[in-house]
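Below is one structure, written out as structure tokens; the observations come after it.
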Amino acid sequence: MTIAEETLTDAPQPIQGPSALGGGRRRFWNLLWLTSLSDYKGRYADTTFSYLWTIARPLMLFAILYLVFTRVIRFGGQIPDYPVILLLNIMLFTFFAEATNRSVRSMTARGLVRKMDIPRLVLPLSAVMTTGLVSLSALLVAFVWIVAYGVEPMWTWLLFPVIAAALVALTVATAALVSALYVTHRDVAQVWPVFTRLLFYGSTVIYPLGVVPPGFLRDVEVVNPLSPILAQARVWIIDSNAPGWIEASGSTLAALAPLLAFLCICFAAVVSSRRAARVVAEEL
Amino acid sequence: MSAVGSAPALRDVPGPSAVGGGAKRFFELTWLLASTDFKLNYLDTAFGYLWSLMRPLLLFGVLYTVFTKVLRFGGDIPHYADLVLFNIILYGFFSESTTRSVGCIPGSEHIVRKTQFPRLVIPLSVVLTGLFNLCLSLIAVFVFLIATGVTPRLTWLALPLILALLLLLTAGVSTLLSVLYVRFRDIAQIWGVLALAIFYASPVLYPVEKVPHSLQWLLLINPLAPLLTAGRRLVIDPNAPSTVDIVGSAWGIIGPALVLVVICVTAFWLFNRAAPQVAEEL
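Chains A and B supply the protein sequences, listed in that same order. Numbering-wise, numbering that gives the first Met the number 0 puts 150 at position 151 of the first sequence, and it's gapless, one number per residue. Numbering-wise, numbering that gives the first Met the number 0 puts 112 at position 113 of the second sequence, and it's gapless, one number per residue.
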């Protein structure tokens, strides 16, 4: 805005600068769909079996982790249905990690921001959406395995959209935050992959919250916004006797901690996106 | 070459090759590319070097905490913390060098197309950059080892032998990946997963004696297993069992050695064959 005002002092009316969301809702969705679709096609057109591979990858990771954790580390024997819990958790976490990592460079990629007045938030969102499209088919494979393993279908399976919505909300907020930070701090591209790798071990993916000893480690897990999503996924999809989030976290107050953390991420995302949206074209 | 053949008046021009051009030029080029890359990555920014050191240390911190506190593993393993840190650094060299070398030939298209130089320099310089990093990280590891009560011993002097074998393995795999990637771009994705699989399948987070009988065949085909185990025996715990003790026969060392030889020979053969045409495939 300030640049537009300075350079165009003679202009009779102020020209609206680029923004994170501006341009109307319809245009936003159209652009989002278009960039996601072209991203999707671009990613899976140049390699022959890329798509299958994207689905196979979390499955392979699961197979290896399962072997190592149950046979070598000898963990998980006392947790009922550990294999399916591990698989579901890996699927959910992989979506979060991949979508956020894909979105880091999304604002500056393709040079779109220099060429047209695109609402900036479309770019990280399309990275999330493209990953989501692939993750859905991977999730389908996981569900087949969950049924084949012998998990009884439950009415709570209908609550899966709630889990998906929470995960998508968290992923979108994080994606917007990291992509906006990347505009001014290029180190984010180095830091974020490492951070998500650490988060994989530091979240309740390979172990449930129940086995974490009380102390600093447990406090971190309780604040982690991924924890309630994974805990409820276990209760609703696999084992209705597993402790729900409120029970697992210890108290109603503690159960709200991840929500607070999520709101903080959202707030940071909004602030940084608004700032990044205006300057991104100059920071390429 | 065929274009040259059609004009008989011209003398035969040797095309680009994998190693041609003299040993001295080969080493100078490798050194130059590696040190340039190293300086670009790590010395220009203060953050760069710190970050290259922090990354394995952070991974170590999280993995060690999770494994000992949550999964309750490693309590009965002497110097478990030192073992995990040492292994993560060694494995980190292998995985980072190989991962970075996957796309290294198209990545240096600007020199491949313009100058004639031995092509093998490209993947090897990536490995050499990794080796610089490894040496810097090892300083931190040894400080940590001494601080946590591992007594320095004469066998520490034999570590370069292990590093040389690790370097050979890394160079072999890097060369193989870099030449395969030129034709098959899927390699980048496949290796991403495979490297992670190798991380768990190798005795990095756990020592060899914890591998159950049914999974011991993994030790027979993984060249990293005897290297990491030997590193542990030399540096951390001389009483630790070797892969030969665990597997129960000499195949514990012959098997991985054969795999290493096959990787290196295949890599060199494929690279040598592809080197003259590689500029056209980019």
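Every residue gets a Cβ at the ideal spot worked out from N, C-alpha and C, and that includes glycine.
Smallest Cα separation from residue i: which of the options?
| i | options | result |
| --- | --- | --- |
| B/Leu-144 | B/Pro-77, B/Ile-104 and B/Ser-173 | B/Pro-77 |
| B/Val-101 | B/Ala-187, B/Ala-224 and B/Leu-162 | B/Ala-187 |
| A/Ile-72 | B/Thr-242, B/Leu-133, B/Pro-206 and B/Met-53 | B/Pro-206 |
| A/Thr-53 | A/Leu-36, A/Asn-29, A/Pro-118 and A/Val-140 | A/Val-140 |
| B/Cys-103 | B/Phe-93, B/Val-61 and B/Ser-173 | B/Ser-173 |
| B/Leu-28 | B/Leu-123, B/Ala-163 and B/Leu-166 | B/Leu-123 |
| B/Ala-224 | B/Val-243, B/Val-234 and B/Asp-236 | B/Val-243 |
| B/Cys-263 | B/Ile-235, B/Thr-228 and B/Leu-176 | B/Leu-176 |
| A/Arg-42 | A/Ala-241, A/Leu-132, A/Val-83 and A/Ile-84 | A/Leu-132 |
| B/Leu-58 | A/Leu-169, A/Leu-258, A/Leu-197 and A/Phe-68 | A/Leu-197 |
| A/Trp-154 | A/Cys-263, A/Trp-235 and A/Leu-255 | A/Trp-235 |
| B/Thr-64 | A/Val-190, A/Thr-183 and A/Val-219 | A/Val-219 |
| B/Leu-84 | B/Phe-25, B/Phe-66 and B/Trp-216 | B/Phe-66 |
| B/Ala-139 | B/Pro-105, B/Ile-161 and B/Pro-55 | B/Pro-55 |
| A/Glu-97 | A/Asp-186, A/Leu-157, A/Pro-152 and A/Trp-191 | A/Trp-191 |
| A/Gln-189 | A/Asn-100, A/Trp-32, A/Asp-80 and A/Tyr-81 | A/Asn-100 |
| B/Gly-284 | B/Ser-96, B/Asn-132, B/Trp-50 and B/Leu-219 | Residue 284 of chain B lies beyond the residue range present for chain B, which begins at 0 and ends at 281; the question has no answer from this structure. |
| B/Val-234 | B/Val-149, B/Gly-247 and B/His-212 | B/Val-149 |
| A/Ala-253 | A/Phe-266, A/Ser-226, A/Ala-232 and A/Ala-55 | A/Ser-226 |
| A/Tyr-81 | A/Gly-23, A/Val-150, A/Leu-157 and A/Gly-243 | A/Val-150 |
Straight-line CA distance for residue i to residue j?
| i | j | result |
| --- | --- | --- |
| A/Ser-178 | A/Tyr-50 | 25 Å |
| B/Asn-221 | A/Pro-160 | 43 Å |
| A/Gly-75 | B/Pro-151 | 38 Å |
| B/Pro-202 | B/Pro-159 | 20 Å |
| A/Val-211 | A/Ala-247 | 11 Å |
| A/Met-0 | B/Gly-60 | Since pLDDT at A/Met-0 reaches only 48, below the 50 mark, its modelled position is unreliable, and the value read off the structure follows with that caveat. So the two alpha carbons sit approximately 45 Å from each other. |
| B/Cys-134 | B/Ile-88 | 10 Å |
| B/Asp-75 | A/Ser-202 | 25 Å |
| B/Thr-114 | B/Val-277 | 13 Å |
| B/Arg-184 | B/Glu-280 | 12 Å |
| B/Tyr-180 | A/Leu-111 | 29 Å |
| B/Ile-245 | B/Gln-215 | 8 Å |
| B/Asn-40 | B/Leu-167 | 24 Å |
| A/Leu-86 | B/Gly-21 | 53 Å |
| A/Ala-268 | A/Lys-114 | 24 Å |
| A/Thr-34 | A/Leu-122 | 7 Å |
| B/Val-111 | B/Lys-23 | 19 Å |
| A/Val-279 | A/Arg-119 | 9 Å |
Run down chain B in chain order and give the residues with a C-beta less than 9 Å from the C-beta of residue i.
| i | result |
| --- | --- |
| A/Arg-101 | Within chain B, no residue comes near A/Arg-101; the closest Cβ sits about 13 Å away, beyond 9 Å. |
| A/Arg-70 | Val-210, Pro-211, Ser-213 and Leu-214 |
| A/Ile-78 | Within 9 Å Cβ-Cβ: nothing; A/Ile-78 doesn't reach chain B, min ~11 Å. |
| A/Met-153 | Under the 9 Å cutoff, chain B gives no residues; its nearest Cβ is about 28 Å from A/Met-153. |
| A/Tyr-206 | Val-65, Val-69 and Leu-70 |
List, in order along the chain, the chain A residues whose C-beta lies closer than 9 Å to that of residue i?
| i | result |
| --- | --- |
| B/Thr-64 | Tyr-200, Gly-201 and Leu-216 |
| B/Leu-281 | By Cβ distance, chain A contributes nothing, its closest Cβ being about 14 Å from B/Leu-281, past 9 Å. |
| B/Trp-50 | Asp-186, Gln-189, Val-190 and Val-193 |
| B/Arg-54 | Gln-189 and Val-193 |
| B/Ala-229 | Those within 9 Å of B/Ala-229 in chain A number zero; the least Cβ separation is about 20 Å. |
| B/Tyr-205 | Val-67, Val-71 and Ile-72 |
What three-state label does DSSP hand residue i in the structure shown?
| i | result |
| --- | --- |
| A/Ser-271 | helix |
| B/Pro-122 | helix |
| B/Gly-74 | coil |
| B/Ala-2 | Reliability fails at B/Ala-2, whose pLDDT of 48 lies under 50, so the model's placement of it is uncertain and no value is given. |
| B/Gln-215 | coil |
| A/Ile-228 | helix |
| B/Glu-95 | helix |
| B/His-109 | helix |
| A/Gln-77 | coil |
| B/Gln-276 | helix |
| B/Met-53 | helix |
| B/Leu-281 | coil |
| B/Gly-102 | coil |
| A/Ser-248 | helix |
One question on the structure: do residue i and residue j come within less than 9 Å of each other, judged by their Cβ atoms?
| i | j | result |
| --- | --- | --- |
| A/Ile-205 | A/Leu-58 | no |
| A/Thr-93 | A/Leu-124 | no |
| A/Leu-135 | A/Ile-228 | no |
| A/Leu-208 | A/Val-222 | no |
| A/Ile-237 | A/Ile-162 | no |
| B/Thr-154 | B/Arg-231 | no |
| A/Val-127 | A/Val-171 | yes |
| A/Ser-272 | A/Ala-164 | no |
| B/Ala-194 | B/Thr-98 | yes |
| A/Pro-213 | A/Ala-260 | no |
Output, in chain order, the set of chain B residues within a Cβ distance shorter than 7 Å of residue i.
| i | result |
| --- | --- |
| A/Val-211 | Val-69 |
| A/Phe-67 | At residue 67 of chain A the sequence reads Val, which differs from the Phe that was named. The contacting residues are Tyr-199. |
| A/Arg-56 | Val-192 |
Check the Cβ of residue i against every Cβ in chain B and list those closer than 8 Å, keeping chain order.
| i | result |
| --- | --- |
| A/Ile-63 | Leu-195, Ala-196, Tyr-199 and Ala-200 |
Run down chain A in chain order and give the residues with a C-beta less than 8 Å from the C-beta of residue i.
| i | result |
| --- | --- |
| B/Val-178 | Per Cβ cutoff of 8 Å: no residues; B/Val-178 is ~17 Å from chain A at best. |
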